[in-house]
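Report on one structure; see the data block that follows.
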């Protein structure tokens, strides 16, 4: 497997376009279109929030139906959540506009939205956007890149990635894009992520691979502990790579899953590092926990704690806050087994050893914590399970962005 | 029942003192002593954090033993958490110093600490503090007030309250003090709270009343979602009011529980409003939920969300964030049943009605949200259970305080 340039248009048969439909922003693109020349099997995971956006409910229906998926329309600016029947009608109007322009059955068109909750989408602008974008669909890497920019809200950088790997002697490509960067605490999925691949795979196996990989990638990041109403990950596979169809969990399946893991982890880490107001990536790596669930819970608690996040911002080796977060996480353990280290490209330092605080060099700790990516490494010494979670620091800018987000 | 002046020294037979022992702060008092002339029955609740401070473990032993309690020594500056055997030895040394000075058996002396985690307490300073304070124990309201100031860390105001009520023709007094103001997300109890009363009551009933009242008072506040390692509430009852002992759940018990509720709610709301960096009290009132647990979960999720808290700081009527928090709370409900209002001393405004956003006057919303205390009022329309939770807004100052708390 090797990383290659590009994103959602890297795989064969996928095109993209974007436009400025004027939904909320004045001077930037705010709609994106991802399209496959041929129908795709599709896997997806969605928010576990009880308050699901209209578009989430629309997409869940398609993914659960077994119908093919061939197009996704995404808008930024307005989330189409808490919008009642009018919001659901907007999804259908968007999908029907695609049918009218390109002849794709509207039940094969997914829609996704991100932005302010509790505001209605302007349907005329959506339809105008679909008409405009239908004329400029393009398989170039530039078109994919432009799409990844159009779906941004408070993100400061666009997020895309692609890999190439071999399946049964055929080259397969998997690419994707995603966006953050607030209300990020995915639970069964992330904010918005769209993956495209030309692999030939059965739908049920695609869904299984997606569901499993998401657990250790997108579900292990947090920016602010707020699980969004709109979390959506869609993975479309159009089969154009020409490999014999993957219909069992063989070596080909494992190779695909590895590629999927790489792409999802890459995008997830990008989202964490670009969390609202963030100045650095904050990673928690837990090893030797009693079981996988405990390792996940512990590492997420560390990166999810406001006090831990503020300490990371202040480059303060205040390790008690990380132990405190582990303690209320819900996982059971004995503090007398725990070893805790700070780690970055500038070094690694143990600060707590099996129940007792260590005396350590504050200057060395500061040097380690001043890096752009800081890891809290925890050895539980109670088993052999591990997990890694990603978040970011809590800064003045997070408060600033969110105290006047709507206006 | 009527509110009266005072705190932990308001009830008969209770004395307090405080001193500057130089544990961490240079120019302020940092130790407090609460003492009863006669042995007390005692109820207590403690943090559910797996990582429990040494002092929490010490106090739990006393409360569970059935031994009387007669004194509490509290220090601020260092939390005595994550300190191994050395930390536990510091508890015993403190209690033995009290025995030496006042003849109170060391197993009747509770200890409590608040401050930095993972740092050892200077035992010589603790012992010096006990010796100094033993000489100045005093039953005046001023001595109680001084004690409530000595236990503060990042609190900006001290918190104390007292009430007087009748039990079987006798006047009973209940007073208390508590402190916040970060790492506040109590689970079975709050950071530190000490209640003293001269009521005559059996230990098991005192414990029951405390455990029940805490659920709807201290356990309903949050500042930052971080459940501390040190949460401790102790309630000492010395019986000097002279009422016939309360040994069953009769009217006297109910009168005591009402007084206890008033005192705990008063202190809990004070702690929420004085949360680290807070500029206002943020209340969530949920009515007509399916069950009490759901009502508690929903109201806590609203005041616990970083995005909700930032919106409250920015006076932004961004109601979608509150619905989003309810949605991921874990409670099940239908968004099409929900009505959501903003409320304060400046008015009440419905913004979301049974699944649909309402058009509302932004100026009126702003006026309501500019008050010092803002309530999000939610009618679930699905049952008859209610709950109220309290928190505070998320401000620049929260980040500032916690990015350099230790140094």
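Protein chains in written order, with the numbering used here: chain A, 1 to 407; chain B, 1 to 407. Backbone N, C-alpha and C fix where the C-beta goes; we use that ideal spot for every residue, glycine too. Predicted model only: the values in this text are computed from it and were never measured.
{"Item": "Cross-chain neighbours of residue 391 of chain B in chain A, by beta carbon under 7 Å", "Value": "Result: empty, since nearest Cβ-Cβ is about 12 Å, beyond 7 Å."}
{"Item": "Contiguous alpha helix (DSSP H) assignments of at least 4 residues, all confined to the stretch 111-166 of chain B", "Value": "123-134 and 141-150"}
{"Item": "Under 7 Å from the C-beta of residue 154 of chain A: neighbouring residues of chain B", "Value": "Here the premise fails: no neighbours, minimum Cβ distance about 12 Å."}
{"Item": "Beta-ladder partner(s) of residue 357 of chain A, from DSSP", "Value": "A:352"}
{"Item": "Under 7 Å from the C-beta of residue 91 of chain A: neighbouring residues of chain B", "Value": "What residue 91 of chain A touches in chain B: nothing, since even the nearest Cβ is about 15 Å away."}
{"Item": "Check whether residue 308 of chain A and residue 322 of chain A have beta carbons under 8 Å apart", "Value": "yes"}
{"Item": "Test item: CB-CB of residue 401 of chain A and residue 276 of chain A under 8 Å", "Value": "yes"}
{"Item": "Between the CA atoms of residue 159 of chain A and residue 226 of chain B - distance to the nearest angstrom", "Value": "31 Å"}
{"Item": "Continuous beta strand (DSSP E) assignments of at least 3 residues falling wholly in the stretch 275-318 of chain A", "Value": "281-289"}
{"Item": "For residue 23 of chain B, the three-state DSSP class (helix, strand or coil)", "Value": "coil"}
{"Item": "Backbone secondary structure at residue 401 of chain B - three-state DSSP", "Value": "helix"}
{"Item": "Own chain residues within Cβ distance below 8 Å of residue 39 of chain A, not counting five before or after", "Value": "68, 69, 70, 108 and 238"}
{"Item": "Which of helix, strand or coil DSSP assigns to residue 336 of chain A", "Value": "helix"}
{"Item": "According to DSSP, residues forming a beta bridge with residue 200 of chain B", "Value": "DSSP lists no partner for residue 200 of chain B."}
{"Item": "Bridge partners - residue 233 of chain A, DSSP secondary structure assignment", "Value": "A:45 and A:193"}
{"Item": "Residue 121 of chain A classed as buried or exposed, judged by whether at least 16 other C-beta atoms fall within 10 angstroms", "Value": "buried"}
{"Item": "Under the three-state DSSP convention, the category residue 379 of chain B falls into", "Value": "strand"}
{"Item": "Residue 161 of chain B to residue 334 of chain B span [Cα, whole Å]", "Value": "41 Å"}
{"Item": "Touching by the beta-carbon criterion (3+ pairs, under 8 Å), the stretch 309-316 of chain A and the stretch 376-394 of chain A", "Value": "yes"}
{"Item": "Collapsed DSSP secondary structure at residue 345 of chain A in the structure displayed", "Value": "coil"}
{"Item": "Validate contact between the stretch 17-34 of chain A and the stretch 73-87 of chain A using beta carbons, cut 8 Å, 3 pairs", "Value": "yes"}
{"Item": "Proximity below 8 Å, CB of residue 141 of chain B to CB of residue 10 of chain B", "Value": "yes"}
{"Item": "According to DSSP, residues forming a beta bridge with residue 388 of chain A", "Value": "A:285"}
{"Item": "Spatial distance of residue 210 of chain A from residue 163 of chain B (CA atoms)", "Value": "59 Å"}
{"Item": "Cα-Cα separation, residue 267 of chain B to residue 132 of chain A", "Value": "60 Å"}
{"Item": "Close-in-space but distant-in-sequence residues of the same chain around residue 112 of chain A (CB under 6 Å, 5 per side omitted)", "Value": "55, 74, 192 and 232"}
{"Item": "7 Å Cβ cut-off: residues of chain B touching residue 394 of chain A", "Value": "399"}
{"Item": "Beta carbon of residue 352 of chain A nearer than 8 Å to that of residue 82 of chain B", "Value": "yes"}
{"Item": "Other residues of its chain near residue 19 of chain B: CB distance less than 7 Å, five sequence neighbours each side excluded", "Value": "29, 31, 129, 132 and 133"}
{"Item": "Interface partners of residue 325 of chain A on chain B, CB under 8 Å", "Value": "226"}
{"Item": "Inter-residue spacing [alpha-carbon to alpha-carbon] between residue 383 of chain B and residue 2 of chain A", "Value": "56 Å"}
{"Item": "Neighbourhood of residue 97 of chain B by C-beta, 6 Å cutoff - its chain only, sequence neighbours within 5 removed", "Value": "127 and 130"}
{"Item": "Whole runs of the alpha helix (DSSP H) within the stretch 48-76 of chain B, excluding any shorter than 4 residues", "Value": "54-65"}
{"Item": "Distance cut-off 7 Å: residue 381 of chain B Cβ against heavy atoms of the ligand MN", "Value": "In the structure on display, the ligand MN does not appear, and there are no ligands present to speak of."}
{"Item": "Per-residue burial, residue 12 of chain A [other beta carbons within 10 Å of its own, 16 or more giving buried]", "Value": "buried"}
{"Item": "Chain B contact for residue 344 of chain A (CB, 8 Å cutoff)", "Value": "no"}
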